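**Q** Handing you this structure, nothing more for now.
In the UniProt record's numbering, the protein residues as written are 1 to 455.
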């Protein structure tokens, strides 16, 4: 009996360290993934205050696109190069003052994001609302600020890029390593963008009719310069590539596309397809539809669980996905994840926390906007000799502007589909501006005609 007890004791002594070491090898840790989307140039204090509270050593911060747009004062000034004083009462125009060259360097929202150490941002459809050259400059400006602006399914043609072959506008994915005492956690982020950049597709007899003009490669300004591949097909391709090349512990798809259509006729929202068809994905952070999604669960390829979350719009909130990792046999793996879309309390005194359009007298006063008539403009001009009238002529036909008038053509756009031609003009002379608008602008001509009939 004594011999048996000695043997049992010896075995126990030998096994206990093995069990202890085994338990030590099964490490666990938590990482948080934060995402914003569709900020449209808004970066309010509520977002800044929230970001100041998060642990950046154990987290990632990403944006899902449409961060730029002319919806705040600073972004409007950056994109136009002018300071705005107000709208004209008599015709479509503004009183402005030139302060810089338009759209130079990184936009204010990009600087905000870089300052807050965003890890990456996805291109949204609004980032394409410019010229191809300015589009490329925008991507470059974000990259120079240390903030990759990405889209795996968007390409420059070799002719535009002046390269031997077509090339992506960015790397297809980003690898981020989260440091822990038990080894780094490797996370891959793939960025993709909705294919429908322009107008929605029209309804005909109750069915959607494919309109090829929705694709960026068919846009008259981008044709032959920029194109996109199918968002689902490219996501499948890149997810397989990143799994094979990098073997990350987690893959996130940062997709500027929505779960459900914004309108019944809009086919650009394909989150459900992405969740069900793209292999290896753990989490999809979505955008484009301006909605909040806490956590929607899908079954991906081979039965893999995929979580979808979305953070609203205009920086009114943020998503937080808590990911629990467990390390077994020297490899980290996702053991669980939960998502929550957190909404911020609006602050009416923060002009970044409200729509830029000055639709109430109180809001106009808050952002120093006013309605300006001829007498007020002439009075302002005496104090500020550099102010200009910025007018937009919308014509139903091409026009040739008179050479004998003191006007500067700063931009023009042609939209044959809508039979409209837009001319953006500067002039210092109020009478010249009025004469141009009454002669060429279809809306001003109509109003003048109606007033004559009333008289």
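Backbone N, C-alpha and C define an ideal beta-carbon position, used for all residues, glycine too. Computed from a predicted structure; not experimentally measured.
List the DSSP bridge partners of residue 323.
**A** Paired residues: 31, 337.
**Q** What are the residues that DSSP puts in a beta bridge with residue 443?
**A** None; residue 443 has no bridge partner.
**Q** Is the beta carbon of residue 379 less than 7 Å from the beta carbon of residue 387?
**A** No; because the gap between Cβ atoms is not below 7 Å, this pair is not in contact.
**Q** Report the CB separation of residue 228 from residue 153 in whole angstroms; it is logged as a contact under 8 Å.
**A** That pair is a contact at about 5 Å.
**Q** Hey, which unbroken runs of the beta strand (DSSP E) at 3 residues or more fall wholly within the stretch 129–162?
**A** Taking only runs of at least 3 residues, the beta strand (DSSP E) segments lying wholly in the stretch 129–162 are 154–156.
**Q** May I have a chain-ordered list of the alpha helix (DSSP H) segments no shorter than 4 residues that lie completely inside the stretch 72–129?
**A** Entirely contained in the stretch 72–129, the alpha helix (DSSP H) runs reaching 4 residues are, in chain order, 73–80, 108–115.
**Q** Is the CB of residue 90 under 7 Å away from at least one CB in chain B?
**A** Chain labels in this structure do not include chain B; a single protein chain is all it has.
**Q** Can you give the Cα-Cα distance for residue 100 and residue 81, rounded to whole angstroms?
**A** Spanning the two alpha carbons is a distance of roughly 5 Å.
**Q** Can you tell me the Cα-Cα spacing of residue 123 and residue 304, whole angstroms?
**A** Cα to Cα, residue 123 sits roughly 27 Å from residue 304.
**Q** Counting along the chain, where does the beta strand (DSSP E) carrying residue 294 start and finish?
**A** Counting along the chain, the beta strand (DSSP E) containing residue 294 begins and ends at 292–299.
**Q** Going by the DSSP bridge assignment, what does residue 408 pair with across the sheet?
**A** DSSP, once it has assigned bridges, lists 426 as partnering residue 408.
**Q** Would residue 234 be called buried (16 or more neighbouring beta carbons within 10 Å of its own) or exposed?
**A** Result: buried.
**Q** Quick one: give me the first and last residue of the beta strand (DSSP E) that residue 238 is part of.
**A** Run containing residue 238: none in the beta strand (DSSP E); it sits in the alpha helix (DSSP H), 231–246.
**Q** When burial is assigned at 16 or more other CB atoms within 10 Å of the CB, is residue 253 buried or exposed?
**A** With 16 or more other Cβ atoms within 10 Å, it is buried.
**Q** By the three-class DSSP mapping on this structure, what secondary structure does residue 259 have?
**A** In the structure shown, residue 259 sits in coil (DSSP, three-state: anything other than H, G, I, E or B).
**Q** Apart from the five residues just before and just after residue 155, which ones in its own chain have a Cβ nearer than 8 Å to its Cβ?
**A** Only 166, 167, 168, 169, 226, 227, 228, 229 meet the Cβ criterion.
**Q** Relative to the C-alpha of residue 343, which candidate in 316, 325, 331, 337 has its C-alpha closest?
**A** If we check each option's Cα against that of residue 343, 316 comes out closest.
**Q** State the Cα-Cα distance for the pair residue 356 and residue 42, rounded to the nearest angstrom.
**A** Confidence in residue 356 is poor, its pLDDT being 42 and thus under 50, which makes the residue's placement unreliable; the coordinate value appears in the next sentence. Their Cα atoms are separated by approximately 9 Å.
**Q** Tell me the DSSP bridge mates of residue 52?
**A** Per DSSP, none; premise fails for residue 52.
**Q** Restricting to Cα atoms, I'd like to know which of 61, 102, 164 is closest to residue 115.
**A** If we check each option's Cα against that of residue 115, 61 comes out closest.
**Q** Who pairs with residue 309 in a beta bridge, going by DSSP?
**A** Answer is 285, bridged to residue 309.
**Q** What number of angstroms, rounded off, separates the C-alpha of residue 187 from the C-alpha of residue 69?
**A** Roughly 30 Å separates the two Cα atoms.
**Q** What is the rounded straight-line gap between the Cα of residue 398 and the Cα of residue 414?
**A** If I take the Cα positions, the gap works out to 9 Å.
**Q** Identify whether residue 254 lies in helix, strand or coil by the three-state DSSP scheme.
**A** If DSSP states are grouped into helix, strand and coil, residue 254 belongs with the strands.
**Q** Between the beta-carbon of residue 236 and the beta-carbon of residue 192, is there less than 7 Å?
**A** No, they are not a contact pair.
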